[in-house]
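Visitor: Below is the structure I would like to discuss, written out as structure tokens.
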Amino acid sequence: MAENRKKAWSVSEPIDVKPRGQASYRIYPADSFDDLGLRLKEQGIESCRVCVVTDSNVEKLYLQDVMNALRMPGITLTSFTIPAGEAHKNLDEIRKLYVHLIEHEFDRKDVLVALGGGVTGDMTGFAAATYLRGIRFVQIPTTLLSQVDSSIGGKTGVDFDSYKNMVGAFHQPSMVWLNVSTLRTLDEIQFASGMGEVLKHGLIRDAAYYEWCLDHMGEIEERQAEVLKEMVVRSILIKRSIVQKDPLEKGERALLNFGHTAGHAIEKLKDFQLSHGECVNLGIVAASYISWKRKNIPEEIFYEIRDMSVAFGLPISYDGLEPSDILEAMKKDKKRIGETTRMILLKRLGSAYIDETVSNEEILDALRSIRYEG
Ligand code: GLY
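Below, the structure written as structure tokens:
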């Protein structure tokens with residue numbers, strides 16, 4: 001019977017990630033930083049230097065707590081703060097971090113800790129992947145987006161000129177510490193941005209999870225601790241199921257880019273004034289529109305996807321941009337050219353596929369449909 005069936009997940013058990021051909025690591029869902037030091041020790045992080053990398057916003061909120069949790073015999077602690085914001089996700093800041101590590105004599109057994117959102121995690125991971133040809137790093141994501149998405153799976157990198165995530169490396173963390181209580185301090189836009197990725201996980205992989213999110217909208221918006229924890233854990237399990245099989249994005253992992261082709265283009269053309277998750281949601285609405293026009297999903301499901309994202313505080317239209325400019329930026333992104341564009345489309349609610357045949361006209365039609373005409 002359904003109610004007697006054992007749940008495939010638990011909100012308090014550690015989650016092991018075993019990416020094919022890559023180092024394994026453990027994710028700890030938690031409500032505080034209390035046992036962080038103990039768990040690091042269990043993962044073999046002791047008798048070494050540790051540099052906590054954070055940004056100028058998160059520094060004020062959590063740096064002291066994390067430094068206190070890491071103050072243990074044998075650990076020499078330093079910290080490094082990056083100015084907050086995507087504009088600083090570049091090689092200049094990485095260079096400053098390398099200088100800090102050299103000045104503090106970090107060697108190959110030493111460890112970086114990324115404390116913050118996706119930008120901090122990606123940059124710290126990239127520095128860890130490249131410093132001395134690779135040192136260990138720990139993810140302590142403090143935003144919804146980084147907890148459900150960017151801290152898992154080993155993608156690291158920086159932007160280069162106006163190209164997003166153009167320079168990077170796959171480098172798996174040694175451990176991920178998910179203190180879900182940090183979600184309570186997130187502003188509305190950052191929270192909504194993470195919800196874009198949460199809904200994406202349901203749309204591409206698990207219709208029941210998507211419906212669960214809609215059914216628990218009130219509790220999610222009130223940020224009820226147990227509901228948030230369940231949501232974060234279920235999202236991570238979806239992401240894990242994909243990145244374990246295809247850690248280097250040779251195939252299936254591309255499904256996680258649902259909404260990202262148009263989303264990245266809008267993010268870039270808007271000069272990063274909209275958050276990543278907001279832009280991804282615009283891309284999700286556009287890709288769902290194409291999925292509907294191709295009769296993969298019925299009209300009412302398209303409108304449900306669109307309208308439910310509004311309820312979670314996400315935008316469903318853009319202004320100030322020409323659809324043709326977005327199309328051009330989509331094709332330039334990571335050098336895609338040609339008459340068709342590779343996009344992730346929905347086969348049905350809860351199932352996505354990679355499509356190489358999406359025509360320019362289909363994309364322009366979708367982009368026109370989400371343009372604000374107010
Ligand atoms: N954020 C997409 C991925 O990790 O592949």
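Letter by letter, the sequence shown follows residues 1 to 374 of the numbering used here. C-beta: ideal position from N, C-alpha, C; glycine also.
Counting only runs of 3+ residues fully inside the segment 128 to 177, write out the beta strand (DSSP E) ranges in chain order.
Guide: For the segment 128 to 177, whole beta strand (DSSP E) runs of length 3 or above, ordered along the chain, are 136 to 141, 155 to 160 and 163 to 170.
Visitor: Once the 5 residues before and after ASP55 are set aside, which same chain residues still bring their CB inside 6 Å of it?
Guide: Excluding sequence neighbours, ASP55 sits near ILE82, ALA84, GLY116 and THR120.
Visitor: Exposed or buried, what is TYR303 when buried is set at 16 or more other beta-carbons lying within 10 Å of its beta-carbon?
Guide: Exposed, since its Cβ has fewer than 16 Cβ neighbours within 10 Å.
Visitor: Pick helix, strand or coil for TYR303, following the three-state DSSP scheme.
Guide: Looking at TYR303 - three-state DSSP - the assignment turns out to be helix.
Visitor: Around the Cβ of ILE102, are there at least 16 other Cβ atoms within 10 angstroms (buried) or fewer (exposed)?
Guide: Counting Cβ neighbours within 10 Å, ILE102 comes out exposed, since fewer than 16 surround it.
Visitor: LYS18 lies in the alpha helix (DSSP H); which residues open and close that run?
Guide: Careful: LYS18 lies outside any alpha helix (DSSP H) and carries neither H nor E.
Visitor: With DSSP as the reference, please indicate the residues paired to GLY116 in a beta bridge.
Guide: In DSSP, GLY116 forms a bridge with PRO141.
Visitor: Could you tell me if PRO247 is buried or exposed, where buried requires 16 or more neighbouring beta carbons within 10 angstroms of its beta carbon?
Guide: PRO247 is buried by the Cβ-count criterion.
Visitor: Can you tell me where the beta strand (DSSP E) with ILE354 in it begins and where it stops?
Guide: Residues 351 to 359.
Visitor: In terms of alpha-carbon separation, which member of PRO173, ALA225, TRP177 and HIS100 lies closest to LEU38?
Guide: The candidate whose alpha carbon is nearest that of LEU38 is TRP177.
Visitor: Just to confirm, are LEU112 and CYS51 a CB contact at a threshold of 7 Å?
Guide: In this structure, CYS51 lies closer than 7 Å to LEU112 by Cβ.
Visitor: In terms of residues, what are the limits of the beta strand (DSSP E) holding THR341?
Guide: Per DSSP, THR341 belongs to the beta strand (DSSP E) from 340 to 348.
Visitor: Starting from the Cα of TYR210, find the closest Cα among ARG223, GLU222 and MET195 and give me that residue.
Guide: Out of ARG223, GLU222 and MET195, MET195 has the C-alpha closest to the C-alpha of TYR210.
Visitor: Compute the beta-carbon to beta-carbon distance between LEU183 and ARG223, rounded to the nearest angstrom, for a pair I have assumed lies under 8 Å.
Guide: 6 Å between Cβ atoms; contact.
Visitor: To which residues of the same chain is GLU226 closer than 8 Å at the C-beta, ignoring the five residues directly before and after it?
Guide: VAL11, listed in sequence order.
Visitor: Consult DSSP for ASN57 and reduce its assignment to one of helix, strand or coil.
Guide: Three-state DSSP puts ASN57 in coil, outside helix and strand.
Visitor: Kindly list the residues whose CB is nearer than 7 Å to the CB of GLU59, restricted to its own chain and excluding five residues on each side of it in sequence; keep chain order.
Guide: These residues qualify, in order along the chain: THR81.
Visitor: Per DSSP, which one or two residues make a beta bridge with ARG49?
Guide: Beta-bridge pairing links ARG49 to THR76.
Visitor: Going by the beta-carbon positions, is the gap between VAL280 and VAL232 smaller than 7 Å?
Guide: It is not a contact, given that the beta carbons lie outside the stated cut-off.
Visitor: Would you mind working out which of SER235, VAL310 and LEU327 sits nearest LYS268, comparing C-alpha positions?
Guide: Closest option to LYS268, Cα to Cα, is LEU327.
Visitor: Straight-line CA distance for ILE189 to GLU356?
Guide: If I take the Cα positions, the gap works out to 33 Å.
Visitor: Helix, strand or coil: which one does DSSP assign to VAL111?
Guide: In the structure shown, VAL111 sits in a strand (DSSP, three-state: E or B).
Visitor: Which whole-angstrom value describes the C-beta separation of LEU367 and PRO323, a residue pair presumed to lie in contact below a C-beta threshold of 8 Å?
Guide: Yes, they are in contact, since the Cβ atoms of LEU367 and PRO323 sit about 4 Å apart, within 8 Å.
Visitor: Suppose the cutoff is 7 Å on Cβ atoms and the five residues either side in sequence are ignored; what does the same chain contact list for THR124 look like?
Guide: Counting only Cβ-Cβ distances below 7 Å, and skipping sequence neighbours, we find VAL53, LEU112, ALA114 and PHE137.
Visitor: Leaving aside the five residues before and after ALA2 along the sequence, list all residues of the same chain whose C-beta is less than 6 Å from its C-beta, in chain order.
Guide: Interpretation of ALA2 is limited by its pLDDT of 45, a score under 50 that renders its predicted location unreliable; the figure taken from the coordinates is listed afterwards. No residues qualify anywhere along the chain.
Visitor: So the alpha helix (DSSP H) ALA240 belongs to, where does it begin and stop?
Guide: The sequence given here places Arg at residue 240; Ala does not occur at that position. It spans 225 to 245 - the alpha helix (DSSP H) in which ARG240 sits, taken as one unbroken run.
Visitor: Can you tell me the Cα-Cα spacing of ASN4 and SER359, whole angstroms?
Guide: Confidence is the limiting factor: at ASN4 the pLDDT is only 47, short of 50, which leaves the residue's position unreliable, though a coordinate-based value still follows. Approximately 48 Å between the Cα atoms of the pair.
Visitor: Could you check if ASP390 is buried or exposed, using at least 16 other CB atoms within 10 Å of its CB as the buried criterion?
Guide: Examination of residue 390 is not possible in this model, given that the chain is present from 1 through 374 alone.
Visitor: Just confirm the distance between the C-beta atoms of LYS239 and ASN296, as a whole number of angstroms; I'd bet it's less than 8 Å.
Guide: 23 Å between Cβ atoms; not a contact.
Visitor: Which one of GLU13, PRO14 and GLN22 has the shortest CA to CA distance from LYS245?
Guide: Ranking the options by Cα distance to LYS245, first place goes to GLN22.
Visitor: One question on the structure: do GLY157 and ASN165 come within less than 7 Å of each other, judged by their Cβ atoms?
Guide: Yes; because the gap between Cβ atoms is below 7 Å, this pair is in contact.
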